[in-house]
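In the numbering used here, the protein residues as written are 47 to 261.
The C-beta atom is built at its ideal place from N, Cα and C for all residues, glycine as well.
See below for the structure under consideration.
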Ligand code: HEM
C-alpha cells in the first residue's frame with residue numbers, strides 16, 4: 047500500500063501554522079484598528095484564552111489516544127504545550143509591559159494582593175521548567191525524572207483555571223466550561239487503566255521516548 051505523502055504524512059508544519067493563527071488575527075486586528083476601546087485588555091484576554099485552550103488541548107492528547115487509538119497525536123503534544131507557553135508568555139508580557147509599564151513594585155504588590163494574579167503568576171512559574179526541559183537533550187538528561195517533572199502540567203492547569211474563575215465577577219459560564227473540561231481531562235487520568243496498557247505506557251516512559259511518553 048502506498049504511504050500517504052506531502053503534508054498529510056507529516057502535518058506538523060500545518061499544526062504549527064494553525065497554532066499561529068490566533069496571533070496573526072490579533073496582529074491583523076491591531077493593524078486595522080479593530081482591538082476595541084481597550085486594546086491592552088483585548089490582547090490580554092485573547093492571549094490568556096489561547097494559552098488555556100492550548101493547555102487543555104495538550105492535556106487531551108493522552109485521553110484521545112487511549113479512547114480513540116489515535117497514537118500519532120503524540121507527535122503534536124510537545125508543540126501544543128510549547129504554544130500554550132508561548133501564548134501564556136505573550137499574555138504575561140502584555141500585562142508587564144502595557145498594563146504595569148514594567149513597574150516592578152506595582153507588579154509585586156499585584157501578585158501579593160490580587161489572588162487571581164497570584165494564581166496566574168504561580169501557574170506561569172510552574173510552566174517555565176516544563177518549557178525549558180522540553181528539548182530532546184533535557185529529556186535524555188532527566189530520564190525518568192522528566193516524566194515526574196512534567197506532571198507539573200496538572201497543578202499548572204488547575205491554577206490557570208482557578209485564575210480565570212477568580213477574575214470573573216458575574217458570569218461564570220465561560221470560565222466554568224473550561225474548568226469542567228479540565229476536570230474531565232484530569233478525572234479521566236484517575237480512572238483505572240487496563241494493566242496491559244499501563245505496562246506499555248510505563249515502558250514508553252522508561253524509554254524516555256522524546257516527548258512521546260504518557261502525560
Ligand atoms: C504572571 C502570570 C499572569 C498574569 C499577571 C495574568 C494576568 C491576567 C489579567 C490582568 C487578566 C485580565 C483580567 C481582567 O479582565 O480583569 C487575565 C485574564 C486571563 N488569563 Fe491571565 N495572567 C497570568 C497567567 C496566566 C496564564 C499562565 C494563563 C494561561 C495559560 C492565563 C490565562 C488567562 C485567561 C484564560 C484569562 C481570561 C481571559 C478572558 O477574560 O477572556 N493567565 N490574566
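Residue 114 sits exposed, since fewer than 16 C-beta atoms from the chains shown fall within 10 Å of its C-beta. 9 Å or more divides the Cβ of residue 200 from the Cβ of residue 210. Counting of Cβ neighbours within 10 angstroms places residue 218 among the exposed residues, the total staying below 16. A buried status is given to residue 130, since no fewer than 16 other beta-carbon atoms sit within 10 Å of its beta-carbon. The DSSP-derived three-state label of residue 143 is helix. The beta carbon of residue 221 sits closer than 7 Å to those of 210, 211, 214, all from its chain and outside the five residues before and after it, given in chain order. Looking at the backbone, the Cα of residue 60 and that of residue 239 are separated by about 32 Å. The segment 73-141 contains no complete beta strand (DSSP E) run of 3 or more residues. Under the three-state reduction of DSSP output, residue 225 falls in the helix class.
For residue 133, the Cβ falls inside the 8 Å cut-off from some heavy atom of the ligand HEM. Across the structure, residue 72 and residue 62 are spaced so that their CA atoms are roughly 17 Å apart. Setting aside the 5 residues that flank it on each side, residue 176 is surrounded in the same chain by 127, 131, 195, 196, 198, 199, 202, each with a C-beta closer than 8 Å to its C-beta; the list follows chain order.
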